[in-house]
Amino acid sequence: MPAEQPRPFLEMRRIVKRFPGVLALDGVDLDVRPGEVHVLLGENGAGKSTLIKILSGVHLPDGGEILIEGSPALIRRPRDAQALGISTIYQEFNLVPDMTVAENVFLGREPLSSRRLGLVDRRALLRRTREHLDELKLDIPAGAVVRRLGIAQQQMVEIAKALSLQSRLIVMDEPTAVLSAREIDRLFGVIRQLRQRGVAIVYISHRLDEVKVLGDRATVLRDGAKVRTVSVADTPVEELIRLMVGRELGEKFPKVEVAIGEEVLRAEGLTRRGILHGVSLRLRRGEILGIAGLVGSRRTELARALFGADPLDSGRIVLRGKPARIDRPGRAIEERMALVPEDRKQHGILSSMSVKENVTLGSIGAFSRGGFLDLAREKRHAREYATSLRIATPDLDRRVLYLSGGNQQKVVIAKGLSSRADIFLFDEPTRGIDVGAKVEVYRLMIELVQRGAAILMISSELPELLGMSDRILVMREGRVSGEFTRGEATEEAILDCALRGDAPVAGAREAPPP
Amino acid sequence: SAEPGADYPQPPRPSRPYTIGVLVPHLSNPHFVGQAYGYVDEAQKLGAKVILLEAGGYQYVEKQVSQMEDLIANKVDAIILVATNGPGTVGPVEHAAAQGIPVINCNVMTASDKVVTRIRSDDEVIGRMQADFMGKALKAGGKVVLLRGAPGTSWAENRGNAFKKELAEKFPGVKVIGEQYSQSTPADGLKLMEDFMQTFPQIDGAFNGADTTAIGAAQAVLAAGKKGKVVITTTDFQADTEKFLREGVITAAVVQQTVVIGRWGMRAAINRLEKRQVPPSLSTPLLLVTKDNVQDVDMRGVRAPEGWKPPTR
Amino acid sequence: MTEAYLQESQAPPRGHPVLRVLGKIGMPAVVVMLAVFFGAMNPNFWSVRNLSNVSRQISILSLISLGQTFAILSAGIDLSVGSLIALVSVVCAQAMLSFGVAGGILAGILAGCAAGLVNGVVIAKARVPAFIATLGMLVAARGVALTLSGGLPIAGLPRSFLVIGAGYLGPLPFPTLIAAVAFVAAHLVLTRTVFGRYVYAMGSNEEAAILSGVDVPRYKILVYVVSGLFAGIAGVVLTSRVVSGQPTLGEVQELYAIAAVVIGGGKITGGVGGVGKTLLGVLVLGILGNGLNLIQVSSYVQNIVIGAIIVVAVYVDLARERRR
Amino acid sequence: MTEAYLQESQAPPRGHPVLRVLGKIGMPAVVVMLAVFFGAMNPNFWSVRNLSNVSRQISILSLISLGQTFAILSAGIDLSVGSLIALVSVVCAQAMLSFGVAGGILAGILAGCAAGLVNGVVIAKARVPAFIATLGMLVAARGVALTLSGGLPIAGLPRSFLVIGAGYLGPLPFPTLIAAVAFVAAHLVLTRTVFGRYVYAMGSNEEAAILSGVDVPRYKILVYVVSGLFAGIAGVVLTSRVVSGQPTLGEVQELYAIAAVVIGGGKITGGVGGVGKTLLGVLVLGILGNGLNLIQVSSYVQNIVIGAIIVVAVYVDLARERRR
Ligand SMILES: Nc1ncnc2c1ncn2[C@@H]1O[C@H](COP(=O)(O)OP(=O)(O)OP(=O)(O)O)[C@@H](O)[C@H]1O
Ligand SMILES: Nc1ncnc2c1ncn2[C@@H]1O[C@H](COP(=O)(O)OP(=O)(O)OP(=O)(O)O)[C@@H](O)[C@H]1O
Ligand SMILES: [Mg+2]
Ligand SMILES: [Mg+2]
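Chains as they are written, first to last, in the working numbering: chain S, 754 to 1267; chain W, 8 to 320; chain X, 476 to 799; chain Y, 476 to 799.
Structural data, given as structure tokens:
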């Protein structure tokens, strides 16, 4: 890190932003120098995304000023930010699902073959997109329709898009949340190159290990206020956490060994053409079964198949000793299963409904007599989970739409936990939630298994898998490629098992001509 | 008594069965169902085959134009047209004429002169007859409102205007204080009359371009307890109109003999196809029906028989 | 979410100060404004008789708008309600002539529910988009009504039946009462029952609802049966008002029902809205329809005014939203 | 997205084997089926004269459906196209009487664009939902048309103007040609131009488009101007076809235009669809309208048949989708 301090590229001064019922930002300062990776840290709801949304013209600040290279800048629309050389990778995906990768990468700045007629030069569009994809070593077809890509592939496309802008400041709001080791390495490679080229980077993440390897300086936010800006190198992780959370955290993984009981879920040769190939697994009472694998290894599809959300071509599922026909999620829930889906925006939250209504949706039957709701009891129940997961919301009637990303994720988890289930399928449950809340989620998982539940946890965060699982299955290309007990599992062994043959994460279809 | 409409007599049954296309604006009120009966029944007697098409409403000129094209493409022998609209139907009429397919124009007139004959009871006369009755009924002078009927239709325009003109000329004592178009359903007539009665404390008479609105108006007057205090005149004579007229809620109805229009149209078509002389215009007599003469009305010329339905294929 | 972006990120709309003041209160303000205005132009507007007229005139729209509220909240739509009124009217009248008043009413309401059931099954099971399914029903139901009635009104209904449309309880016309009861019932169902909660859930994020165990097909079907039920009641009431079965009733009413829901503040894409909002929408349309007649605006010009007010009303309401 | 989810996760619909076979091909199969059927029932169906009739009859629906395609693709809707036809017709006819044929045509088309512009501004700038904005225009434009014309048709248009509606080029009626040109143009715009890309982008994820720096308001306005333009052309052609200005033209055509887009396979929520798909939808409706007349189905029953076929056609098409 350079000793002398170059003039900041960006200065944000005393930024204030109010939302109904929330003071999201309360006079926050931020300055970012060329060629530095500046990390934004803070609990869910601290104001990180809001700050960068103001920087990128999504929100208008209620107070404060923004300087670019010392001169005041007016950013009223995303286009203004782009014009100033600021590009952003948002926390929530912002691709156009029905358009191709290429069309997305160049959306808003299509190469033209005739400026006068506004004719798009499709060849150039595809060619230049491929160039950008290659930079990231992605073998996603430039003509693939984004809707058919996986969540991780979509994230990589977003990154490619942001890079293609040749910006001088790139904001990344939790870019790695949906990525696994391989993609993350590539991303970091690119980030280091950018730093060489003097590009400034604002980096938001809840993965402190990343912060350590990548960050130059870090600015910590708490409840919309800036706590302090520190040099990452000179600040131990525990200190960062204390600055964020304002208190000491207990151990990271409050794992408790629980007596493993009888088998509650058995899958035999689950097969879905082109997706899953003869997957078998056993899940026992009191057990946390971790599922590792690269993105695209079909862990999500496995979970969805177990839950009856996707049809199976062959294979059988045995629940609590009895063969079960789970052909729709409704059946799964009747069988006291619960799923915390991976993609919260599409499968998780009901954004126009309140926090309360989201949390209780899966268990609403429990609060009704003859179809009529007992609203008071429902509210009490919802409050329990909201508080134990520390969901940051002014009140339980706030629409989930208005919660921060991590708090939305907490709502999704609460929804899963609040059901009467005793078999839980967690797909990337801690994605995007802060360190404090993670520990909270782990505690709740332990409580569940102590109460005799069984948990299947899909995760791309190996430390989390290693820390919490009793057993770990590794998947590759829709097959189980290995199994480890808590004792024998190590990061290297699992990665190796997941990577073996290093299968391409491709295969999304070409776009049909519009 | 003689079959109504005997004064344009039924021709002898032709040698070969003709196919006649009949186009009407719609088939969702007694007026046109009665007329449809006239066409179909007469055709049966004359051994002709009828292709009966409705446009679905006066507003669907374009659909009627298309239907006429379809009939021409389908090579019918003659076309009987009840125009949705005067100028709008000129094109296909001339097209048919050019194809040598004779066009008989009934009830609502097309603006084209390429038609064999025009058969109708005149809208102006309908308006005037109501005006004369209204004028006499309110000889002391009074205030009347117009429920004109469907906006943009020739009958609503012509009948209403004729009514106002006649009043202004012959009965200056009777003032038109309000007029409004509405879809011609009882529901709309009811609402419109309710609102009129709120707008004007004193209403002595209500003109109706069609009896669909008159039935609604009658309800409103009944509900307001003004039965008999408002002179309601109307056009045509469906079952409810008759009921209200007998009860003295509706005062007078100028009745078109729709069945007769139908029969005459078919007779003219056959005559033309059999190379007989057809007069360039025929007008079917109108009846002024009130409580006093209602029992002498010969319904055979006015309505389709109980339970008759337009042919469903 | 886009509207979040729009809401938070854009400066509040400029525009006439009066609008801005109104903007603070939104749709209720619009309703009051309209009433005050028409009252000033014609005192009769406030007369008990006229108000009870208005309330009776809007009872039909109220009923079908309630059904529409369910459909739209669930991210669907029911274009068939207008035609269903005609179908119900014909069925009800014909049945009444042979099976008496009770029989007729029952038959009419059942006809409405049956048609709704068909809509529901086509949408939920065959997974045909609601727009298409109910458009098909719009066209077909009208055809059935015309075929059954032969295009003729069905007259001669028993006097006793007419009280439904013409009767009063104190100053309150029966249709008004029926609509009022319907409003309360619908409100309770939407806010206090599992079904109501699921209606919102389906409209907010169908996939998430499915993964949360909501039996979406089943409740979707129920939604359209409910809409059909309300159309059935509306059809019976209207039949009584016009003392005859009419195959031509209800044309374009579906558009006004949808308009009522959206004017009130319901989101056409589902998940947002409610009975209260719908009531506001109905009031705007009802007061306009009555008031413009009372101040004798020509029916041609009425169209222009109504069109404009619909837009302005919603604009004012949104102005409030954005100010939050 | 829900249906994406459904496609993946639901078993293909059971249902009659014939349907299942058809399902493999989808909407084109439906079109062919209908044509073959009507041809078998009445040979005249295949006569050159009849086919050219059909092509002319669907030209109007084609034009407004194209405009509707833009609106729906952009996740909007244009309910006003039907009324705009009437407005255009009246303006065109009146202008023509005083300024001659060219003047009339120009005035008509400009009127369409102007109305579209109003729609666009209200939607994009005042951010009133497209449904409400264009519903308001639906009601208001009809009112303007009636007021301008006094409710009466405007006759006496110059003969030379009538060729547009009645003329031929070889066996091809002019309206058909005009529609054909419009189809090609619209296709090129949607597939080859930046504007076209943005239409899809706005419809598929408006927020993403905004965040990518697309000037969404500007292009939204353009979408409705285009829709108004097509309504303008349709209005002029129709005016020539009915040799007069007509304030009552085009009623409920908006519903059929939307239906055409969705029947073809366009997604009512935007982002998915295209000119080719819309053409299929138009053909289904057009062939039905003509064929049922040729085989002399009673007009009552026609409604029932059309309603049913609309639903079945879409069902068959979706069956194919799901098989993917
Ligand atoms: N080779 C491929 N072919 C087609 N689609 C793929 C492929 N790889 C990944 N995908 C898409 O990427 C998505 C994410 O991968 P998937 O969920 O199947 O595995 P995963 O291990 O759960 O990934 P994640 O780590 O994101 O949960 C999948 O839903 C799938 O649609
Ligand atoms: N559009 C909005 N409307 C209302 N409140 C909002 C909106 N966006 C954010 N908030 C609130 O502002 C606060 C900060 O949200 P923000 O998204 O910036 O948190 P964050 O630091 O990004 O959290 P996370 O780590 O979970 O992403 C939260 O309390 C959130 O509820
Ligand atoms: Mg965030
Ligand atoms: Mg996954």
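Cβ atoms here follow ideal geometry from the backbone N, Cα and C, with glycine treated the same way.
Please read all numbers here as calculations on a predicted model, not as lab measurements.
Residues of chain Y with CB under 8 Å from residue i, in chain order?
i: W:Gln66; result: Thr723, Leu724 and Glu726
With a Cβ-Cβ cutoff of 8 Å, do residue i and residue j count as a contact?
i: X:Val556; j: X:Gly583; result: no
i: S:Glu789; j: S:Asp969; result: yes
i: Y:Ser549; j: Y:Gly678; result: yes
i: W:Val68; j: W:Thr96; result: yes
i: S:Gly1003; j: S:Arg975; result: no
i: W:Leu53; j: W:Ile277; result: yes
i: X:Leu828; j: X:Glu729; result: Residue 828 of chain X cannot be examined here, being either before or after the span of chain X that is shown, 476 to 799.
i: Y:Leu665; j: Y:Gly749; result: yes
i: S:Leu996; j: S:Val964; result: no
i: Y:Val597; j: X:Val786; result: yes
Would DSSP call residue i helix, strand or coil?
i: W:Thr258; result: coil
i: S:Leu1274; result: Missing from the structure shown is residue 1274 of chain S; chain S here goes from 754 to 1267 and no further.
i: S:Asp887; result: helix
i: X:Gly591; result: helix
i: W:Asp130; result: helix
How many Å lie between residue i and residue j at the Cα?
i: S:Gln919; j: S:Leu1218; result: 37 Å
i: S:Val931; j: X:Ile696; result: 37 Å
i: X:Val789; j: X:Leu724; result: 28 Å
i: X:Asp792; j: X:Ala734; result: 14 Å
i: W:Glu10; j: W:Pro292; result: 13 Å
i: S:Ser1104; j: Y:Ala605; result: 22 Å
i: W:Lys143; j: X:Thr753; result: 49 Å
i: W:Asp299; j: W:Ala217; result: 21 Å
i: X:Cys588; j: Y:Val759; result: 29 Å
i: S:Glu1001; j: S:Glu992; result: 9 Å
i: Y:Val669; j: S:Phe846; result: 23 Å
i: W:Gly149; j: W:Ile210; result: 8 Å
i: S:Ala1056; j: S:Ile1208; result: 12 Å
i: W:Cys113; j: Y:Val674; result: 50 Å
i: X:Ser702; j: X:Val718; result: 24 Å
i: W:Asn168; j: X:Asp553; result: 40 Å
i: S:Ile912; j: S:Gly1014; result: 45 Å
Could you list which residues in chain W have their beta carbon closer than 8 Å to that of residue i, in chain order?
i: X:Tyr775; result: Pro158 and Tyr188
i: Y:Ser522; result: Ala80
Identify the contact partners of residue i in chain W, using a Cβ-Cβ distance below 7 Å as the criterion.
i: Y:Ser719; result: Pro94 and Gly95
Would you mind telling me which residues of chain S sit closer than 9 Å to residue i, beta carbon to beta carbon, in chain order?
i: X:Ser675; result: Note that residue 675 of chain X is Tyr in the sequence shown, not Ser. The contacting residues are Leu1103, Ser1105, Met1106 and Glu1110.
Listing by chain order, which chain S residues have their CB less than 7 Å from the CB of residue i?
i: X:Thr685; result: The amino acid at residue 685 of chain X is misidentified as Thr; the sequence shows Ile. Per Cβ cutoff of 7 Å: Pro1082.
message: Under 8 Å, with one C-beta from each stretch per pair, do the region 504-522 of chain X and the region 624-641 of chain X reach the 3-pair mark?
response: no
message: Does the structure place the region 84-95 of chain W close enough to the region 30-40 of chain W that three or more beta carbon pairs sit under 8 Å?
response: Judged by Cβ distances under 8 Å, the region 30-40 of chain W makes contact with the region 84-95 of chain W, as three or more pairs qualify.
- prompt: Is it a yes or a no for the region 1084-1097 of chain S touching the region 1172-1192 of chain S, going by three-plus beta-carbon pairs under 8 Å?
  reply: yes
query: Touching or not, the region 227-236 of chain W and the region 41-58 of chain W, by the rule of three or more beta carbon pairs under 8 Å?
result: no
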